[in-house]
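Novice:
Protein chains: 2
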Amino acid sequence: MLLDDSSRITIVEVAQYAGVSTATVSRVINKTGPVLPETAAKVYAAIEALNYKPNAAARGLASRRTNTIGLLVDEISGEFFQPMLRGIEVTARASGMDLLISSTGGMSQSSPPYPLGENNTDGLIVFADSLPQEELVRLHKIGFPLVLLHRSSPSGLNIPCVTVENKEGARRMVDYLVEERGYRKIAFLEGPDSHEDAYWRKLGYEESLAVHDIPFNPKLVSLGEFDETQARVSVSQWIKNGLNAEAIFAADDDSAIGAMAALKESGLRIPEDIAVVGFDDIRLAAYLDPPLTTVRAPIEQAARIAVEQLVKVIRGEEVEAMTLLPTELVIRRSCGCC
Amino acid sequence: MLLDDSSRITIVEVAQYAGVSTATVSRVINKTGPVLPETAAKVYAAIEALNYKPNAAARGLASRRTNTIGLLVDEISGEFFQPMLRGIEVTARASGMDLLISSTGGMSQSSPPYPLGENNTDGLIVFADSLPQEELVRLHKIGFPLVLLHRSSPSGLNIPCVTVENKEGARRMVDYLVEERGYRKIAFLEGPDSHEDAYWRKLGYEESLAVHDIPFNPKLVSLGEFDETQARVSVSQWIKNGLNAEAIFAADDDSAIGAMAALKESGLRIPEDIAVVGFDDIRLAAYLDPPLTTVRAPIEQAARIAVEQLVKVIRGEEVEAMTLLPTELVIRRSCGCC
DNA sequence: TTGTACGCGTTATCAG
DNA sequence: CTGATAACGCGTACAA
Chain A
1 MLLDDSSRIT IVEVAQYAGV STATVSRVIN KTGPVLPETA AKVYAAIEAL
51 NYKPNAAARG LASRRTNTIG LLVDEISGEF FQPMLRGIEV TARASGMDLL
101 ISSTGGMSQS SPPYPLGENN TDGLIVFADS LPQEELVRLH KIGFPLVLLH
151 RSSPSGLNIP CVTVENKEGA RRMVDYLVEE RGYRKIAFLE GPDSHEDAYW
201 RKLGYEESLA VHDIPFNPKL VSLGEFDETQ ARVSVSQWIK NGLNAEAIFA
251 ADDDSAIGAM AALKESGLRI PEDIAVVGFD DIRLAAYLDP PLTTVRAPIE
301 QAARIAVEQL VKVIRGEEVE AMTLLPTELV IRRSCGCC
Chain B
1 MLLDDSSRIT IVEVAQYAGV STATVSRVIN KTGPVLPETA AKVYAAIEAL
51 NYKPNAAARG LASRRTNTIG LLVDEISGEF FQPMLRGIEV TARASGMDLL
101 ISSTGGMSQS SPPYPLGENN TDGLIVFADS LPQEELVRLH KIGFPLVLLH
151 RSSPSGLNIP CVTVENKEGA RRMVDYLVEE RGYRKIAFLE GPDSHEDAYW
201 RKLGYEESLA VHDIPFNPKL VSLGEFDETQ ARVSVSQWIK NGLNAEAIFA
251 ADDDSAIGAM AALKESGLRI PEDIAVVGFD DIRLAAYLDP PLTTVRAPIE
301 QAARIAVEQL VKVIRGEEVE AMTLLPTELV IRRSCGCC
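Chains as they are written, first to last, in our numbering: chain A, 1 to 338; chain B, 1 to 338.
Encoded structure:
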């Protein structure tokens, strides 16, 4: 069923109804240029009476602005995703922007043409490694507004980015495990190596070991991939091979969940037999059994800030090149405390 | 920084470069109308060489189609949300549609003007109670493509809808608890009453009780609200008041998680002291301790189908008025089996 | 099979 | 303060 053409109200109808020109209607709607209060009132009345809604496409064409920002993610998965999307959606809406979303990964490892770009948005939030560097470079070169989330700018470019203190968070976590809990055999479930968060978290782990004169042992590192299932498999494998560790530091809470499942499956008690800690402090962390000690990352806040930055960039304002949000240790029972 | 105007490639530049008219370029791109293979090749070459991307706004204006579908949700939260969004995004992308997303609730209990509608999308997926009935009626009256997800059509309208067999699933779950496990004192954590899934699930619970001659006891019903925190509070309250039940049926897995947390907090063992079951089979259900017995709802599949339906409606094809997806019992340890 | 030219609904630049 | 009117980039009859 097609849209009823008779019910198609345009700015022309509104102008006629209000007895003014279309230019005036436009001025009233967009608050651009001066209009007599009484004239404006007539226009508003007409808009109300006719239930007029400006056509987004026509607006975009004429103003060269889509009033839309795009969110590019690699995949819609993980507990991480939800607070991020919430932050982005709410902030975009509050800024009067629409939100177009697309996942680049999943099937085709993001090859051109990319679904979001200068042709349909005013700017893009690019999460982690959801867009190949070449496209990032191209967009940046034509001056297209970009903000990176949970990744840093390719060197030379200087695209604004917002992320969290991954390395410091990871380091403090391991510091705590060593200094307060007395562990020295700490295994690490690393994230996907295409993901920058994963890189920094691992570095923090290594740095803390070094500081405490604990030799880095490759056998104590396995792939968690920010994914429950993968983590579960890796930990099961460890156990089968006779893992000799006092604690497992999972690079994110999703993999911590998988690790805990594998340990329990083998009859190991947490934290009596082995401690488990994570990173992110997803909503479920406190509900696990035992509650998960982790590093709180302000995911939603980072998302909000990214959108705010992007809106500024779109408006031509200056923004800081890099925003690093602090992380915080959250001690619960899974690490053996209390 | 503004977009470099010199780098603005339009269909005109492509036509010139290829030595054809803009009409031909348009025909090639949209595969509308016949074009000689060699001509098409020249056009493709030009597009490639100039890195041309059609302007979405101009397209929308000229064709009267935005090539975009909208997703309206009340709030971005709950484990339920993610598989749904994934299904919608993937299917939309596969159908060549962009995805605009907006949450109506949260702050203002969705009052006009609504962010998504006939002015910026070709059709809408409306989740649960994310849009007031009056707006639903208005959109339907002007013939705007609509598909409802996890709710049914207001009577009289007949808007296509996709949802799962909530009542049957809930009924079978309670049947199982009574017949196989022998429980008769079964408490129920109901969902928000604005949510249709919640309504049907409760009805299934009541029906099963009736079938088994178990009197409905209002004291055994409390608010879970499809939310961990609320469920936890409600269950804690029950415990304080001396709840006398053998099992708790949470209307969704989120509230089951909250319930389990509250029970453990009070030192109650699951399922030895009290059984807990949920509804949805979210990804985490299998990872809980003990693993959660629940009703599997094909959330992602429902989302996919909704998009497919919507695309058909947009194309003017017929679709079934109501699609009911089957649910399935998933027995794990939290119910006391095994 | 291809080209010409008009229209889509707004915004923005002019005069007035 | 307000009104004509020329873009905006593309799709699509209509002609050729």
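For each residue, glycine too, the CB sits at the ideal point set by N, CA and C.
1. My output table needs one value for Ala-210(B): the three-state DSSP class, helix, strand or coil.
2. Between Glu-196(B) and chain A, is any beta-carbon pair separated by less than 7 angstroms?
3. Listing by chain order, which chain A residues have their CB less than 7 angstroms from the CB of Asn-55(B)?
4. In the structure shown, what three-state DSSP assignment does Met-260(B) receive?
5. Name the chain A residues whose beta carbon is nearer than 8 angstroms to that of Leu-99(B)?
6. Can you check which of these residues, Gly-316(A), Pro-298(A), Arg-269(A), is closest to Thr-327(A) by C-alpha distance?
7. Please name the residue in Lys-141(B), Thr-163(B), Ile-142(B), Leu-157(B) whose C-alpha comes closest to that of Arg-151(B).
8. Reducing DSSP to helix, strand and coil, say where Glu-190(B) ends up.
9. The alpha helix (DSSP H) that contains Glu-300(A), what's its start and end?
10. Whose C-alpha, out of Ser-95(A), Gly-191(A), Asp-129(A), Pro-160(A), is nearest the C-alpha of Asp-253(A)?
11. On the DSSP bridge assignment, give the partners of Gly-224(B) in chain order.
12. So with CB distances below 8 angstroms, who are the chain B contacts of Ile-257(A)?
13. Which of the three DSSP states, helix, strand or coil, is assigned to Cys-161(B)?
14. So Val-295(A) packs on Val-330(A), CB below 8 angstroms; how close in whole Å?
15. Compute the distance between the beta-carbons of Ala-198(A) and Val-235(A), then report whether it is under 7 angstroms.
16. Give every residue of the same chain whose Cβ lies closer than 7 angstroms to the Cβ of Asn-22(A), excluding the five residues on either side of it in the sequence, and list them in chain order.
17. Have a look at Ser-103(B) and Phe-127(B) and give me their C-alpha separation to the nearest angstrom.
18. What's the gap between the Cα of Phe-81(A) and the Cα of Arg-269(A)?
19. For Arg-65(A), which residues in the same chain have their Cβ closer than 7 angstroms to its Cβ, ignoring the five residues on either side in sequence?
20. So which residues of chain B does Gln-82(A) contact, with C-beta pairs closer than 8 angstroms?
21. Restricting to Cα atoms, I'd like to know which of Gly-19(B), Ala-56(B), Ala-49(B) is closest to Glu-38(B).
22. I want to know whether the stretch 175-186 of chain B touches the stretch 238-255 of chain B - three or more CB-CB distances under 8 angstroms.
23. For Arg-184(A) and chain B, any beta-carbon pair shorter than 7 angstroms?
24. DSSP three-state label for Asp-122(A), please.
25. Whole-angstrom Cβ separation of Trp-200(B) and Asn-158(B), contact assumed at under 8 angstroms?
26. Could you check what DSSP says for Ala-62(A) in three-state terms: helix, strand or coil?
27. Which residues, in order along the stretch 44-70 of chain B, keep a beta-carbon less than 7 angstroms from a beta-carbon of chain A?
28. Would you mind reading off the limits of the alpha helix (DSSP H) that contains Met-173(A)?
29. Just checking my contact of Tyr-95(A) with Val-307(A) at CB under 8 angstroms: how many whole Å lie between their CB atoms?
30. Given that Leu-220(A) touches chain B, what residues does it touch there, using C-beta distances under 9 angstroms?
31. Which residues in chain B have a C-beta closer than 7 angstroms to the C-beta of Leu-85(A)? List them in chain order.
32. Using three-state DSSP, classify Glu-328(A) as helix, strand or coil.
33. In chain A, which residues lie less than 8 angstroms from Pro-115(B) when you measure between Cβ atoms?
34. Around the Cβ of Thr-32(B), are there at least 16 other Cβ atoms within 10 angstroms (buried) or fewer (exposed)?
35. Starting from Ile-69(A), follow the beta strand (DSSP E) in both directions and report where the run begins and ends.
36. Check this for me: beta carbons of Gly-346(B) and Arg-181(B), under 7 angstroms apart or not?
Specialist: In this structure, then:
1. Residue numbering aside, residue 210(B) sits at position 210 when the second sequence is read from its first letter. Reduced to three states, the DSSP call for Ala-210(B) is helix.
2. In the second sequence, counting from the first residue as 1, residue 196(B) sits at position 196. With 7 angstroms as the cut-off, Glu-196(B) does not count as an interface residue toward chain A.
3. The count along the second sequence starts at 1 and reaches residue 55(B) at position 55. Around Asn-55(B), the beta-carbon contacts reaching into chain A at under 7 angstroms are Asn-119.
4. Walking along the second sequence from the start, residue 260(B) turns up at place 260. Collapsing the DSSP output to three states places Met-260(B) in a helix.
5. One-based indexing of the second sequence puts residue 99(B) at position 99. Correct list: Leu-100, Ile-101, Ser-102.
6. Counting from 1 along the first sequence, the entry for residue 327(A) is found at position 327. Answer by Cα proximity: Pro-298(A).
7. The residue given as residue 151(B) occupies position 151 in the second sequence. Taking only the C-alpha atoms, the option nearest Arg-151(B) is Thr-163(B).
8. As a first step, residue 190(B) must be located in the second sequence, where it is residue number 190. Reduced to three states, the DSSP call for Glu-190(B) is strand.
9. Sequence index remark: in the first sequence, residue 300(A) carries index 300 (1-based). Note, Glu-300(A): alpha helix (DSSP H), 299-314.
10. The sequence position of residue 253(A) within the first sequence is 253, counting from 1. Residue nearest to Asp-253(A) within the set Ser-95(A), Gly-191(A), Asp-129(A), Pro-160(A) is Gly-191(A) (criterion: CA-CA distance).
11. Your numbering for residue 224(B) matches position 224 in the second sequence. DSSP lists no partner for Gly-224(B).
12. Taking the first residue of the first sequence as 1, we reach residue 257(A) at position 257. Simply Leu-284, Tyr-287.
13. Mapped onto the second sequence, residue 161(B) falls at position 161. Residue state, collapsed to three classes: strand.
14. Here the question's residue 295(A) lines up with position 295 in the first sequence. Here the question's residue 330(A) lines up with position 330 in the first sequence. Sure, about 7 angstroms apart at Cβ, within 8 angstroms.
15. Along the first sequence, one-based indexing puts residue 198(A) at 198. Along the first sequence, one-based indexing puts residue 235(A) at 235. No. Outside cutoff.
16. Translated into the one-based positions of the first sequence, residue 22(A) becomes position 22. It is Thr, not Asn, that sits at residue 22(A) in the sequence shown. Excluding residues up to 5 positions away in sequence, Ile-11, Val-12, Ala-15 lie with their Cβ nearer than 7 angstroms to the Cβ of Thr-22(A) in the same chain.
17. Residue mapping note: residue 103(B) aligns to position 103 of the second sequence, counting from 1. Residue mapping note: residue 127(B) aligns to position 127 of the second sequence, counting from 1. Phe-127(B) has its alpha-carbon roughly 10 angstroms from the corresponding atom of Ser-103(B).
18. The residue you call residue 81(A) lines up with position 81 of the first sequence. The residue you call residue 269(A) lines up with position 269 of the first sequence. Spanning the two alpha carbons is a distance of roughly 30 angstroms.
19. On the first sequence, position 65 is the one that residue 65(A) refers to. Counting only Cβ-Cβ distances below 7 angstroms, and skipping sequence neighbours, we find Asp-122.
20. Taking the first residue of the first sequence as position 1, residue 82(A) is located at position 82. For Gln-82(A), the chain B residues whose C-beta falls within less than 8 angstroms of its own C-beta are Ile-76, Ser-77, Phe-81, Gln-82, listed in chain order.
21. Along the second sequence, one-based indexing puts residue 38(B) at 38. Considering only alpha carbons, the answer is Gly-19(B).
22. A contact exists between the stretch 175-186 of chain B and the stretch 238-255 of chain B.
23. Stepping through the first sequence from its first residue, residue 184(A) is reached at position 184. Chain B contact via Cβ: absent.
24. The sequence position of residue 122(A) within the first sequence is 122, counting from 1. Asp-122(A) falls in the coil class under three-state DSSP.
25. For the purposes of this step, residue 200(B) is taken as residue 200 along the second sequence, with counting starting at 1. For the purposes of this step, residue 158(B) is taken as residue 158 along the second sequence, with counting starting at 1. In fact, because the Cβ distance is near 19 angstroms, the residues do not count as touching under 8 angstroms.
26. Here residue 62(A) corresponds to residue number 62 of the first sequence, with the count starting at 1. Helix at Ala-62(A).
27. Only those residues of the stretch 44-70 of chain B whose C-beta falls short of 7 angstroms from the nearest C-beta of chain A are listed: Lys-53, Pro-54, Asn-55, Ala-56, Ala-57, Ala-58, Gly-60, Leu-61, Thr-66.
28. In the first sequence, residue 173(A) corresponds to position 173, counting from 1. That run of the alpha helix (DSSP H) goes 166-179.
29. On the first sequence, residue 95(A) is found 95 positions in, with the first residue counted as 1. On the first sequence, residue 307(A) is found 307 positions in, with the first residue counted as 1. According to the sequence displayed, residue 95(A) carries Ser and not Tyr. Correct: roughly 7 angstroms between the Cβ atoms.
30. By 1-based counting over the first sequence, the position of residue 220(A) is 220. Chain B residues near Leu-220(A): none, gap ~23 angstroms exceeds 9 angstroms.
31. Indexing the first sequence from 1 puts residue 85(A) at position 85. Going along chain B in sequence order, the residues near Leu-85(A) (Cβ under 7 angstroms) are Ile-76.
32. By one-based count along the first sequence, residue 328(A) stands at place 328. Collapsing the DSSP output to three states places Glu-328(A) in a strand.
33. Within the second sequence, residue 115(B) is the residue found at index 115, counting from 1. Listed along chain A, the residues sitting closer than 8 angstroms to Pro-115(B) by beta-carbon distance are Arg-93, Asp-98.
34. As a position in the second sequence, residue 32(B) is number 32, starting the count at 1. With fewer than 16 other Cβ atoms within 10 Å, it is exposed.
35. As a first step, residue 69(A) is located in the first sequence; it is residue number 69 there, counting from the start. Taken as a continuous stretch (DSSP letters only), the beta strand (DSSP E) holding Ile-69(A) covers 68-73.
36. No statement about residue 346(B) is possible, as the shown extent of chain B runs from 1 to 338 and does not include it.
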